[in-house]
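A.B. asks:
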Amino acid sequence: MSDHENALIVTLDQAAKHFGRLRALDGVSLSVAAGDCIGLVGHNGAGKSTLVNLINGGLAPSSGTIVFSGGDTAHVAGVRSVFQELSLCPNLTVAENLKISHSALKGPGWRRSARAEIRASLDEIFPDHGISADAQVDMLSIAQRQMVEIAIGFAPRGTQARLVILDEPTSSLDEGIAGQLLAHIRRFCASGGAVVFISHMLGEIFKVASRIIVLKDGRIVDERASGAFTRQGLVDVMGHVAPESAQVAGARSDPGSEILRTAQGLAARKGEIVGLSGLAGHGQAEALAHLYLSRSSAWRPRKSPEVVFVAGDRPRDGVLPLWSILCNISISVLQQTARRGLVNRQAETAIAAEWKSRIGVRTDDVRNPILSLSGGNQQKVLFARALASQAPLVIMDDPMRGVDVGTKQDVYAMIRAEAANGRTFLWYSTETEEVCQCDRVFVFRNHEISAELTGVDISEEKILEASFAMQEAS
Amino acid sequence: MTPLNLLAKPWIWSWLAASAAFGLTLGLTSGRGAGELAYAALSFGAFAAIVGLGQMLVITLGPGNVDLSIPATMTLAATLALKAMSSNPGTAFLGLGIALGVGVAAGLANYALIFLLRLPPIIATLAASLVYQSFAIWSNRGLRIKPPAGLADFATGRFLGLPNVAWVGLALAIVVWVVLERTVWGRMLLATGQNLRVARLAGVPVELVRATTYVLVAVFASLAGYLLASFSGGAALNMGAEYLLMSIAVVVIGGTSIAGGNSNVPGVWGAALFMFLVVSMLNSYGAGAGVRNVLTGTIIIAIVIAASTRRVRA
Amino acid sequence: MNFLARHRIILPVVSLAVLLAATFYMQPRTMSYFGLNLLFNLAVPIALATVAQMMIIMVNDIDLSLGAFVSLAACVTATFVNDTPVLGLLILLALVLSYAALGALIHALELPAIVVTLGMSFVWGGLALFILPSPGGQSPEWLRALMTVKPPFAPMAVVAAVIISVVTHLLIVRSGIGTVLRGVGGNARSVARAGWSVIWLKALAYGLAGLFGVLAGMALVGLATSADANIALRYTLLSIAGVILGGGEFTGGKVSPTGAVIGALTLTLAASFLSFMRLSPDWQIGAQGAILILVLTARLIFSRKGAAT
Amino acid sequence: AQANSHMAETSDKRIALSNNYAGNSWRQAMLQTFKETGEEAVSDGMVAAADAYTTSENQATEQAAQIQNMILQGYDAIVLNAASPTALNGAVKEACDAGVTVVSFDGIVTEPCAWRIAVDFAAMGKEQVDYLATRLPEGGNLLEIRGLAGVFVDDEISKGIHEGVAENDQFEIVGSVHGDWAQDVAQKAVAGILPSLPQVVGVVTQGGDGYGTAQAFKAAGRDTPLIVLGNRQDELQWWADQRDASDYETLSLSIAPGVASLAFWVAQQILAGEDVPKDLTVPFLKITQDSLDDALASTPEGSVANVSYALDDAKQVIADAK
Ligand SMILES: Nc1ncnc2c1ncn2[C@@H]1O[C@H](COP(=O)(O)OP(=O)(O)OP(=O)(O)O)[C@@H](O)[C@H]1O
Ligand SMILES: Nc1ncnc2c1ncn2[C@@H]1O[C@H](COP(=O)(O)OP(=O)(O)OP(=O)(O)O)[C@@H](O)[C@H]1O
Ligand SMILES: [Mg+2]
Ligand SMILES: [Mg+2]
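Taken in sequence, the protein lines are chains A, B, C and D.
Residues in the first sequence are numbered from 1344 upward in steps of one, following this note's numbering.
Residues in the second sequence are numbered from 28 upward in steps of one, following this note's numbering.
Residues in the third sequence are numbered from 112 upward in steps of one, following this note's numbering.
Residues in the fourth sequence are numbered from 5 upward in steps of one, following this note's numbering.
What follows is the structure, encoded as structure tokens:
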């Protein structure tokens, strides 16, 4: 493979990255050459994003080396990244965002070139994208923003992109657009470009990757041509992922009386677990937020709330970052346990201790700051906050984001148990498997309910069908 | 607590700075007049501390929250209260009631502008303050009416060696501290200040919290105005002017985070004493207005840098 | 997507137009070359100060020292620039650079800008008192001539407002570096990731604020003919109000230079309008607050409509 | 006959007062006097209008805009208490060019086209020290209370005081603080500096700060020194109380807010075609031990000792200046 050797873009040799005691990456050796299309997989926190940041120069390695063959820096070597979290400037237009990453674009008329360049890139990757180069980014939908970001990643920007790293680029794209992207990646690699593609959707990985690298706890545990993996084989190597859906259907209690029906058609009975599904961004989160806000007050303090909320987007909706774990849990029960307006500190401590053990928050002291917890454990705290209250209705907005499989199983069991005790759950999830565990599922499309599924009708196919199907029909 | 731990407390810097200013001033007199200076600092620091405590609560509500109507509220409350009392004996509580009533009204008006008209608090309270100022002018045309003798004696008097106004300021500080540390409302305020959206989704009645906070700051301001007018022998139309920047300065020098969700009661008192003592020190050393301002500004920035870099490291 | 949300400039323009029409109606004499100049010439330094404040708000900070800084710049102009032009201009340059350094310091140490600028307001004020312990100094001849020039067709004030808004529009909205600066307000992290040095960008934004602050001070001296240490203290709050009136927002890098200039003109005009209403002196101050509330409430009606559609 | 002709000539003239600050009792008394004088003159048919305008924060910029608006409103004369002696010159020049008569008083402007009714502030400062010299021949330490930093009046009075101290070298100024012409600010500043001061025999002030100073001395438990007062009613009342209790004796002096009415009449005379010199002086209002009771009786509670000037007073002042 002398040919291959010549076209090396980047080579990592025992590259490691430590954050304090945490070994995010623990010695990784890897090389990427022109024409490579690498699929990178691994559990949450395996170190994928950290690896990406080392390659693109965003982080310096704690030890080991990274060598670019095309120049001193990632930028010069033509290495580009599309980040996991959206990283456009929302107050700028699409073309102006290209300018931010393309500093060579200067002088009078830069705007025209920027427009032409981003338009060409968008047209090439996503035909019929319908995005104006002069649209301000905060006026675009999440999927459109993601498309813009990808298009900027592949745009020439003065040099030519040689390696594009895509960190979970499809998480907010629907299947059709994701397909366009995958097709483009294949074309790009065929024409001599290289891609590192990260996704938790193994199907996509198998569709594009020529080589698959499996990361686990900061190490490469396997690396093969993609043909050499089977789906199950890959899952096994990644560890963790246990066969799911098997233990779901427990004995379900009899459906209680209906306690909720919204104008939109969302309904729930006492003790029921209701799932919300459909493509991301089709109004599920808004429906839940609206429901929560309409059933709780910004003015009236309540001793026992009617409804509680479990956030999935932790920094935006869930975590009170300056506080301890204890205070983060107890905020929902403060008013209930208070005596004459004073915080009942004994009750608070007792409740926090109880939930720490019940839900297994991994910490030695609930007085530690919440930010000392890992993401999954922070999420458990949010569950504890909601479940500790006595609210009969629990609203969950994609609460399993970044939660590992073991924890998920614990939480599923707990939700089941609480439902059996008569609590009602409204559960929006982007993972179809989770939704399939519910008693009833509402599928959303274009901010409307396109299907209501119950019993045996709840299946991945039916949900997908309701998410897309009528698009052609209508 | 080890000294190093103590240095990581954001409020310690204001106390260190206040002590340094105190020491330097006394250095000039080789130690004489310590009691006198401390007494003056406590008296005048009390007014800054009272308005500072209110401003601290508002700033705790998070970025963008601040009350610029404090001076006008002080003036209006004092003017109306002193006019109502018109130096008659036995009317002190009537005056107090009127002052606090003005505070409640001003706070509600401020919050109404913020909530109903969605004005940024900076602009809303600024605009409202001009209206309050006009009210004060219209109601009394700047006449300085004397407080009733009993009230004046109380405001300038002392108890157990400390000025009465300092006792009031101290009591309020303790109340605010207890409210923040121990009450449900305090918790809800701190939650709202960290992230309004999170607090709302966690079941906190955030608008109620915001409304009560804006009322509280105005009530504190009106109380300070009432006491200051009683202390200095009458309400003047410009009596609150210096408390605009002062109220913000004592909060931030005191170590309260401008990002919200984090209050610092002891720091407010430390900073209030510091703001008085630093001027006294510079006056005592014969610094002119120019030098005095430059040094005051520099010291404020130095304290903020010291407190914030310590905090990051800690 | 709606029209008003996309064209945020419409609301400030409409507010100004309505107010101007009302002023013309109340005092027809203002409807002339001479009248417009008197109505707006003192808005020129305010517009410059508002643009300066906008530079800071653009990068998500706020400047509480601007009024004191403009006063200082005015004092320097009325003394050093008049007496020893080279030294004077060097001092002004140093002031601009110190603003830039302040921006870098705030970014590097992650200090809250509001606190640092609060402290700096004392510093600038103190320095101004050093230079002019009592009012005085004199405007350089050329500056006086510049500020009282009578261009054909439109009065100086109008021409200056147009020039300021065109120049700042080109600088902030059209140019590449302006785009990056607005990007810092929008998402500093992504700008940093794209390889820009955010500390330099912040220094640049603050430096521009310093530059426009200095220009505001100079323009003020040109109009007033002399200076004092307190001459522009009101500009701090006026400039913040002007930016917001002009459709800017405190966070997210959403600012409009043209809007800021229009906001400054609106504020100035509002004060004159009140003057023409001949209110009792008791209420003249309060009416300023009321009109500020009124103009900003219009913003709410428009944005509610925007949200509804 | 002459008066009648003047009346006829100015009956269609409109006069405006431009004021830059309303935040203290002195200014309020000034506005009140102007209002009374103006209303009377309008009802007597002397002038067509006498309107008062005020801005809030002692800012030259806002006052300049105010003057420009008055030009646009077509006033024939502007009576001006200026925020700055020089910073309004641009606007004043524009007014003159537009044919508007500008009469400045108290806070005067240096623009040559305007009239000035000046108080010799420096002399007012110096007189304080001269008075102290008569009362305390052996001299001693003085405390100086200044006004608002950066303002013309503050600088002038302070200059006069320092001149006086230079002439009377038995005195030494051992401390100087800014009281911003406000009792509470003065009280605070004095309380802060007192602990570091030696024995003080006299306090020289600028007006509106004497009562606060006295309070601060009292709170510090020090002997009340000889405080020169500034005509505020609370100061006079305090003085009277001290006098009754302990034969306290001092001097009070300040400019009378009624000077606004003098300026009004001067403007009227100029409009009437009278030849008025550009620089007029008005004596400051001095209250001594003998006139204290009268002054106190005629001053409303919480206000400032005042004299209102009539047309004849104006004519007298003009005649004196010629
Ligand atoms: N700046 C940081 N400071 C401390 N720890 C970090 C930092 N960035 C990442 N980590 C930790 O490093 C580990 C690897 O994180 P990384 O983001 O690379 O995971 P990932 O494989 O991308 O996970 P996911 O699938 O959830 O995106 C995690 O434990 C993470 O918490
Ligand atoms: N940006 C960051 N800055 C500092 N520390 C971080 C950051 N991100 C994560 N950490 C820390 O890294 C550790 C692991 O966090 P992370 O959320 O990635 O773990 P995880 O592997 O996803 O865990 P879990 O499986 O529980 O979700 C925690 O101690 C966390 O506090
Ligand atoms: Mg990742
Ligand atoms: Mg995680």
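Even glycine gets a Cβ: it sits at the ideal position worked out from N, Cα and C.
For a contact meaning CB atoms closer than 9 Å, what does S301(C) contact in chain A?
C.D. replies: In chain order: F1426, L1429, S1430, L1431, C1432, N1440, I1443 and S1444.
A.B. asks: With distance defined between alpha-carbon atoms, name the residue in V1784(A), H1418(A), Q1357(A) and E1649(A) nearest to Y1771(A).
C.D. replies: Among V1784(A), H1418(A), Q1357(A) and E1649(A), the Cα nearest to that of Y1771(A) belongs to V1784(A).
A.B. asks: On the three-state DSSP scale, how would you describe S1588(A)?
C.D. replies: Any reading at S1588(A) must be qualified, since the residue scores a pLDDT of 42, below 50, and its modelled position is unreliable; the value itself is stated next. Coil.
A.B. asks: Ordered along the chain, which non-local residues of its own chain (more than five positions away) have a Cβ less than 8 Å from that of Q160(B)?
C.D. replies: Correct list, in chain order: A99, T102, L103 and L264.
A.B. asks: Using a beta-carbon distance cut-off of less than 9 Å, what residues from the region 75-108 of chain D approach chain C?
C.D. replies: The residues in question are I75, L76, Q77, G78, A87, S88, P89, T90, A91, L92, N93, G94, A95, K97, E98 and A102.
A.B. asks: Whose Cβ in chain D lies nearer than 7 Å to the Cβ of F303(B)?
C.D. replies: Here the neighbours are G196.
A.B. asks: Report the residue ranges of all alpha helix (DSSP H) runs contained in full by the region 1502-1561 of chain A; include only those spanning at least 4 residues, in chain order.
C.D. replies: Those alpha helix (DSSP H) runs which fall completely within the region 1502-1561 of chain A and span 4+ residues are 1518-1533 and 1545-1551.
A.B. asks: Is there at least one Cβ from chain B nearer than 8 Å to T190(C)'s Cβ?
C.D. replies: No, T190(C) does not count as interfacial toward chain B.
A.B. asks: Taking L21(D) as part of the alpha helix (DSSP H), name the residues at either end of that continuous run.
C.D. replies: Note, L21(D): premise wrong, no alpha helix (DSSP H); beta strand (DSSP E) at R18 to N23.
A.B. asks: Spell out whether any CB of chain C is found under 8 Å from the CB atom of A276(B).
C.D. replies: It does; some Cβ of chain C falls within 8 Å.
A.B. asks: Is it true that the CB of A105(B) sits closer than 8 Å to the CB of A268(B)?
C.D. replies: Going by C-beta atoms, A268(B) is not nearer than 8 Å to A105(B).
A.B. asks: What ranges does the beta strand (DSSP E) occupy inside the region 256-283 of chain D, keeping only unbroken runs of at least 3 residues that lie completely in it?
C.D. replies: You should have 256-258.
A.B. asks: Residues of chain C with CB closer than 7 Å to the CB of I22(B), please, in chain order.
C.D. replies: This structure gives no information on residue 22(B), because the portion of chain B shown stretches from 28 to 341.
A.B. asks: If the cut is a Cβ gap below 8 Å, which residues of chain A does T377(C) touch?
C.D. replies: Residues of chain A passing the Cβ test: none, with the nearest at roughly 23 Å.
A.B. asks: For a contact meaning CB atoms closer than 8 Å, what does T290(C) contact in chain A?
C.D. replies: L1435, E1439, K1442 and I1443, listed in chain order.
A.B. asks: Return no unless some Cβ of chain D is closer than 8 Å to the Cβ of A47(B).
C.D. replies: False, the Cβ-Cβ gap to chain D never drops below 8 Å.
A.B. asks: Using only the alpha-carbon positions, how far apart do G237(C) and A316(B) sit?
C.D. replies: In a straight line, the C-alpha of G237(C) is about 7 Å away from that of A316(B).
A.B. asks: Tell me the residue span of the beta strand (DSSP E) that contains Q1357(A).
C.D. replies: L1351 to F1362 is the span of the beta strand (DSSP E), which, as asked, contains Q1357(A).
A.B. asks: So what's K290(D) in DSSP terms, helix, strand or just coil?
C.D. replies: In the structure shown, K290(D) sits in a strand (DSSP, three-state: E or B).
A.B. asks: What number of angstroms, rounded off, separates the C-alpha of S156(B) from the C-alpha of Q395(C)?
C.D. replies: Cα to Cα, S156(B) sits roughly 13 Å from Q395(C).
A.B. asks: Is it right to say M1544(A) is buried, meaning 16 or more other beta carbons lie within 10 angstroms of its own, or is it exposed?
C.D. replies: By the 10 Å Cβ count, M1544(A) comes out exposed.
A.B. asks: Classify R1488(A): buried if its beta carbon has 16 or more other beta carbons within 10 angstroms, exposed otherwise.
C.D. replies: Classification of R1488(A): buried, given that the 10 Å Cβ count is 16 or more.
A.B. asks: Output, in sequence order along the chain, the residues in the region 200-214 of chain B whose CB is closer than 7 Å to any CB in chain A.
C.D. replies: Answer set for the region 200-214 of chain B: R209, T210, V211, W212 and R214.
A.B. asks: If you draw a straight line from the alpha carbon of G91(B) to that of R1683(A), how long is it in whole angstroms?
C.D. replies: Whole-angstrom Cα-Cα distance: 32 Å.
A.B. asks: Residues in the region 383-407 of chain C with C-beta within 7 Å of chain B's C-beta atoms, listed in sequence order?
C.D. replies: So the close ones are D393, W394, I396, G397, Q399, G400, A401, L403, I404 and L407.
A.B. asks: Taking 6 Å as the limit between beta carbons, can you name the residues of its chain near L213(C), skipping five residues before and five after?
C.D. replies: Result list for L213(C): Y317, in chain order.
A.B. asks: At a CB-CB cut-off below 7 Å, which residues of chain D make contact with I275(C)?
C.D. replies: Within chain D, no residue comes near I275(C); the closest Cβ sits about 17 Å away, beyond 7 Å.
A.B. asks: Within 8 Å of any Cβ in chain D, is that where the Cβ of A409(C) sits?
C.D. replies: No, because no Cβ of chain D sits closer than 8 Å to the Cβ of A409(C).
A.B. asks: Distance cutoff 8 Å, beta carbons only. Does K313(C) sit that close to anything in chain A?
C.D. replies: Chain A, which has no Cβ nearer than 8 Å to the Cβ of K313(C), makes this no.
A.B. asks: For a test of the three-state rule: what should DSSP assign to P190(B), helix, strand or coil?
C.D. replies: Looking at P190(B) - three-state DSSP - the assignment turns out to be strand.
A.B. asks: If you draw a straight line from the C-alpha of T1680(A) to the C-alpha of A1690(A), how long is it?
C.D. replies: If I take the Cα positions, the gap works out to 7 Å.
A.B. asks: What does E61(D) touch in chain C if you count any residue whose Cβ is under 8 Å from its own?
C.D. replies: Result: L344 and R345.
A.B. asks: Whole angstroms is fine: what's the gap from G328(C)'s alpha carbon to A160(C)'s?
C.D. replies: Computed Cα separation, rounded: 8 Å.
A.B. asks: With distances taken from CA atoms, which of A244(D), G225(D), L315(D) and Q293(D) is nearest L255(D)?
C.D. replies: For the residues A244(D), G225(D), L315(D) and Q293(D), the minimum Cα distance to L255(D) belongs to Q293(D).
A.B. asks: Is there at least one Cβ from chain B nearer than 8 Å to A1641(A)'s Cβ?
C.D. replies: Yes, A1641(A) counts as interfacial toward chain B.
A.B. asks: Return yes when the Cβ of G297(B) is within less than 8 Å of the Cβ of G281(B), no when it is not.
C.D. replies: Yes. Within cutoff.
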